[in-house]
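Residue numbering for the sequence shown follows this note's numbering, beginning at 268 and increasing consecutively.
Note that beta-carbon positions come from the ideal geometry of N, C-alpha and C, so glycine has one too.
Below is one structure; the comments refer to it alone.
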Amino acid sequence: MTSARSAAWFSGILIGALMLLALSPLPVAGDIEARAGAAVAPAVELVRGAIQPITDVAIHAGQIDQLSAENAALRQELSRVQADLASLREGRIATEQAAALVASLGANAGKTITATVILRDPALGRQSVVLNQGSDAGIEVGQPVLGSGATLLGIVTEVNESRSRVRLITDRESAVAALLQSSRTAGSLVGDGDTLWLDFVSLKTTVAPGDVVLTSALGGLLPPGLLVGRVAKVEAPDQELHQRIEVAPLGDLDRIEQVLVMTGFRPGTHLASDDQREGATGGSE
């Protein structure tokens, strides 16, 4: 119905135009043309309004395509700039973290290097990470790995030329010599895959939540005085000789990014030196 009506309008307009063309030589042609123009003006406007969107699309189709291409290029350039900014930001953060780690140790740092965590062991109960530095940087098995404030995070367990693996102190196989700062009572700090427990502390020793736990030089495997954690909970089970002490790590072991490896520390060197001195003394006697 709509198509037939439109065809009739166009036919009428065409016939009227032909009649005006045929009558144009007559004197009354001007008046007839004016009247006819006034009569068909609404129809012309209606047709113009109907085809205007199509005309606009046809005219601006090329411009739309050009704008789409320019927008795509701008989005690509914006993504590249954002990636560059993110890379620069990460580099700045890593540099600041490394500087903060060194500054937190102060004069007690000894020889250390900074390293970045590049991999975390996903196995259940395993708490270990891989660093981007290895033996080429002076890292050896047994060296302590620290976070900010001389906080012990773990011990190096495997090394190759460019990588090293660190067993975190909460790992199930982790066990380090430690002591309570308040009473200087020694114990063994072990992990269970989630948190820490200080074992072999006598029931006679006074222990309270919040007490600081430090590394001990017993055994010569760690330098003394490194921060490890704070006592979180203390239990004294019946029929037991030792207290059950839960220790919360001071280092944020779930979000390690930058660490310090104490490459100047050699496990057991102090014990070896003491043994050598004792042997020399005994021989002289």
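Could you work out which residue in the options is closest to residue i when comparing CA atoms only?
i, options, result
"G392", "Q448, T452, D438, L398", "D438"
"V384", "E407, P534, E524", "E524"
"D459", "V514, R522, D388", "V514"
"L517", "Q400, V468, R432, A499", "A499"
"G421", "D478, E507, V495", "V495"
"F532", "I512, I380, K471", "I380"
"L398", "N427, L419, D388, R432", "R432"
"R434", "D466, G477, P389", "P389"
"N427", "I436, E407, L413, A382", "E407"
"D478", "I512, V528, N338", "I512"
"L527", "W464, T418, S450", "T418"
"E502", "L413, N338, I436, V468", "V468"
"L463", "A484, I436, T472", "I436"
"L508", "P476, G487, T472, R497", "T472"
"R430", "S450, R387, G414, Q394", "R387"
"V457", "L447, Q448, E440", "E440"
"E425", "V396, L488, R522", "V396"
"S483", "P504, S450, D461, P476", "S450"
"P476", "R497, P504, R522", "R497"
"R522", "Q394, G487, N338", "Q394"
Could you tell me if residue i is buried or exposed, where buried requires 16 or more neighbouring beta carbons within 10 angstroms of its beta carbon?
i, result
"D519", "exposed"
"T452", "buried"
"P411", "buried"
"V474", "buried"
"V423", "buried"
"T362", "Reliability of the predicted coordinates at T362 is poor, the pLDDT of 47 falling under 50, and no value is obtained from them."
"P490", "buried"
"S335", "exposed"
"Q333", "exposed"
"A382", "buried"
"L341", "exposed"
"G414", "buried"
"L447", "buried"
"K378", "exposed"
Name the one or two DSSP bridge partners that residue i has.
i, result
"G414", "T418"
"A336", "Its beta-bridge partners do not exist; DSSP assigns none."
"G454", "A445"
"E502", "R511"
"L465", "L456, I512"
"E425", "R432"
"T482", "A445"
"V528", "I380, V412"
"L494", "T418, L481"
Anyone know if the C-beta pair for residue i and residue j falls short of 8 Å?
i, j, result
"S454", "A442", "A small correction: the amino acid at residue 454 is Gly; Ser does not occupy that position in the sequence shown. Against a cut-off of 8 Å, the Cβ pair of A442 and G454 comes out as no contact."
"T530", "G405", "yes"
"G409", "P534", "yes"
"Q506", "L470", "no"
"L481", "L465", "no"
Give the list of continuous beta strand (DSSP E) stretches no shorter than 3 residues that lie fully inside the stretch 378-404.
380-387, 395-398
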